[in-house]
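Encoded as structure tokens, the structure appears first; notes follow it.
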Amino acid sequence: MNYNKLLDENKEWAKERVNSDPEFFSRLEHLQTPEYLWIGCSDSRVPANQITGTQPGEIFVHRNIANLVVNTDVNMLSVLDYAVNVLNVKHVIVCGHYGCGGIKAAMSDTDFNQVLNMWLRNIKDIYRFHRNEVDSVPEGDERADKLVELTVQEQVFNLAKTTIIQKAWSTDNRPDLHGWVYGLNNGIIKPICEMSSTSNIDSIYKYRL
Ligand code: CO
6 MNYNKLLDEN
16 KEWAKERVNS
26 DPEFFSRLEH
36 LQTPEYLWIG
46 CSDSRVPANQ
56 ITGTQPGEIF
66 VHRNIANLVV
76 NTDVNMLSVL
86 DYAVNVLNVK
96 HVIVCGHYGC
106 GGIKAAMSDT
116 DFNQVLNMWL
126 RNIKDIYRFH
136 RNEVDSVPEG
146 DERADKLVEL
156 TVQEQVFNLA
166 KTTIIQKAWS
176 TDNRPDLHGW
186 VYGLNNGIIK
196 PICEMSSTSN
206 IDSIYKYRL
């Protein structure tokens, strides 16, 4: 496919938006008030707006391989800080997906070279932590999907371990955290876990604020 097709499609899209809603761009140009932060996988098959039926302006988005919340990731943390403390989002959603290539890669013994190995190590550690639960599931796609769910759950915990979230919870009782997994085969999102300002945080990770 020629990349020019994307630019042509863009002009068509912009024209259609204005046709159906003349104020669409002038409204959005001056206003960004999303209620949701989405932390999702970079996978091209999991576009946040499309699968949730939302429009530009409704979801603030961060994506990376296997939707990880890594506590040394300045990129993710700056997005989280901005979303929570400037945009005042009410919900943070970590959305993984079944059949995630990043999860499968982390479960294999393939050497993806140092940088990718570093990123996938975060998933290998989750596998080790939940080894019995993951290995009790039959080997193959089903086992990988178990690790997909557990990884999402751990990323929600990782959000709760940050002072960004702990401070917002103590001063403003928001945002609620949600762990979801999207099904590539049916388009349905399955909620896995939730945390809010009333949730317990392991005392090891809880700060005196
Ligand atoms: Co993925």
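Reading the sequence shown from the start, the letters are residues 6 to 214 in the working numbering. Every residue, glycine too, gets a C-beta built ideally from N, C-alpha and C.
Item                                                                                                                         : Value
Helix, strand or coil at residue 239 according to DSSP, with G and I counted as helix                                        : Residue numbering for the chain in the displayed model covers 6 to 214; residue 239 lies beyond these limits and cannot be assessed.
Segment contact flag, the segment 43–60 with the segment 96–114, C-beta cutoff 8 Å, min 3 pairs                              : yes
Contact the segment 108–128 vs the segment 70–80: 3+ CB pairs below 8 Å                                                      : yes
Residues of its chain near residue 134, where Cβ-Cβ distance is below 7 Å and the 5 sequence neighbours each way are ignored : none
Residues with C-beta closer than 6 Å to any heavy atom of ligand 1, in chain order                                           : 46, 48, 71, 102, 105, 106 and 107
Beta-carbon separation (whole angstroms), residue 68 vs residue 47, contact threshold 8 Å                                    : 5 Å
Among 152, 182 and 91, nearest to residue 113 - alpha-carbon criterion                                                       : 152
Touch test, the segment 166–174 against the segment 186–198, Cβ-Cβ under 8 Å, three pairs minimum                            : no
Beta carbon of residue 200 nearer than 7 Å to that of residue 182                                                            : yes
Euclidean distance between Cα positions of residue 27 and residue 63                                                         : 18 Å
Distance between beta carbons of residue 144 and residue 186, contact taken as under 8 Å                                     : Contact doesn't hold; Cβ gap of about 20 Å is too wide.
Inter-residue spacing [alpha-carbon to alpha-carbon] between residue 35 and residue 142                                      : 50 Å
CB contact flag (residue 157, residue 188, <7 Å)                                                                             : no
Whole-angstrom distance between residue 123 and residue 104, CA atom to CA atom                                              : 21 Å
Straight-line gap, residue 95 to residue 176 (C-alpha atoms, nearest Å)                                                      : 13 Å
Cβ neighbours of residue 84 in the same chain (closer than 6 Å, five flanking residues each side left out)                   : 67
Cβ-Cβ distance between residue 89 and residue 173 below 7 Å                                                                  : yes
Where the beta strand (DSSP E) through residue 41 begins and ends                                                            : 41–46
Pairwise C-alpha distance: residue 41 and residue 78                                                                         : 20 Å
Where the alpha helix (DSSP H) containing residue 107 begins and where it ends                                               : 106–112
Test item: CB-CB of residue 202 and residue 178 under 7 Å                                                                    : yes
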